[in-house]
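Taking it in order: structure first as structure tokens, then the write-up.
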């Protein structure tokens, strides 16, 4: 059997099992997610991804390079996800979504995100294959994303979400009945015998809209590493699957990663250069992986160091 086809079968089977466990079994837990259980599940999903990566190294065609491409793509998507989680937290807080209902919304958000990511990836690969100039468009997108992220990081202003200015909320409110109270985990309910949307549905729409916007940054970033649809899809989906558990690990710890946004901005800028320069000089994937890994280690380490220093200053 062809190794490439066999790995597609393995990946689909593995993802099916992971989806069943993460999005069905754990979703039926009656209690709120705890930091301990979320940390354990986060480590499990990271372990699965790294194990899959190791198998690519040993058994896949041209495994050494493909494994490095997978790890680079996984690290990019994972680091971008941490920044994305901050937006999810703002959405839940602004819409007053109870913590016990948040996993249910994230479940459906992840399922739809997987579908959209696969569509975007194949579209992106097709565009690059048939229109080489697309790499410059994607490079420009990455430069702008890096600029915007760095600008937000330097401003260091507390981000506030105003739902009154949301076009999506305005549209839904103008065309559908909106329930002001919750109906358990339901996205739809009845008001005077007529169908209505619950706040959970509005939060789901906001989460999914935000994820589509994030995909515009993350997909070109991974495509700057490799144009292989298998590597782009597997690294993206592996990173997304652990997002729900990671959310509850980081929901109370984002203040400890103050300088991660600076690091991610630099990574986006670097992969933008890599994509723009592809026709003239192809930066080896080993160098790309080293830059990404080192940047993340330094930004996280510096964040923890500065947080510790600031805490000491506050103490009397």
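Residue numbers (the working numbering): -3 to 312. The beta carbon of each residue, even a glycine, is placed where N, CA and C say it ideally should be.
Rounded straight-line distance, which links the Cα of residue j to that of residue i
i           : j           : result
residue 254 : residue 85  : 16 Å
residue -1  : residue 305 : 51 Å
residue 174 : residue 194 : 6 Å
residue 290 : residue 1   : 33 Å
residue 20  : residue 169 : 30 Å
residue 99  : residue 144 : 29 Å
residue 83  : residue 246 : 12 Å
residue 4   : residue 69  : 17 Å
residue 137 : residue 124 : 14 Å
residue 191 : residue 241 : 32 Å
residue 308 : residue 269 : 39 Å
residue 59  : residue 50  : 9 Å
residue 10  : residue 17  : 11 Å
residue 75  : residue 176 : 35 Å
residue 134 : residue 184 : 38 Å
residue 314 : residue 8   : The displayed coordinates of the chain run from -3 to 312. Any statement about residue 314 would go beyond what the structure contains.
residue 139 : residue 56  : 33 Å
residue 87  : residue 294 : 29 Å
residue 39  : residue 46  : 10 Å
residue 54  : residue 71  : 20 Å
residue 93  : residue 61  : 44 Å
residue 180 : residue 285 : 44 Å
residue 109 : residue 205 : 10 Å
residue 103 : residue 132 : 35 Å
residue 96  : residue 244 : 11 Å
residue 218 : residue 252 : 26 Å
residue 256 : residue 302 : 12 Å
residue 207 : residue 73  : 12 Å
residue 42  : residue 48  : 10 Å
residue 6   : residue 111 : 19 Å
residue 122 : residue 81  : 29 Å
residue 172 : residue 182 : 16 Å
residue 216 : residue 89  : 30 Å
Distance between beta carbons of residue j and residue i, contact taken as under 8 Å
i           : j           : result
residue 271 : residue 220 : 4 Å
residue 287 : residue 266 : 6 Å
residue 44  : residue 91  : In fact, because the Cβ distance is near 32 Å, the residues do not count as touching under 8 Å.
residue 261 : residue 142 : 5 Å
residue 196 : residue 101 : 6 Å
residue 292 : residue 259 : 6 Å
residue 228 : residue 117 : 5 Å
Burial state of residue i (16 or more Cβ within 10 Å)
i           : result
residue 120 : buried
residue 214 : buried
residue 186 : exposed
residue 224 : buried
residue 222 : buried
residue 113 : buried
residue 233 : buried
residue 127 : exposed
residue 276 : exposed
residue 78  : buried
residue 107 : exposed
residue 34  : buried
residue 129 : exposed
residue 188 : exposed
residue 36  : exposed
residue 231 : buried
residue 115 : exposed
Below-8 Å beta-carbon distance, residue i vs any chain D residue
i           : result
residue 204 : Among the chains in the structure shown there is no chain D, since it carries only a single protein chain.
Identity of the residues DSSP links to residue i by a beta bridge
i           : result
residue 326 : The chain is shown from -3 up to 312; residue 326 falls before or after that span and cannot be answered.
residue 174 : 193
Is the segment 235 to 248 in contact with the segment 137 to 154, if contact means three or more CB pairs nearer than 8 Å?
-> Verdict: no, contact absent.
Is the segment 58 to 67 touching the segment 273 to 285 in the sense that three or more CB pairs, one from each, lie closer than 8 Å?
-> yes
If we count Cβ pairs, one from each stretch, closer than 8 Å, do we get three or more for the segment 160 to 169 versus the segment 196 to 210?
-> yes
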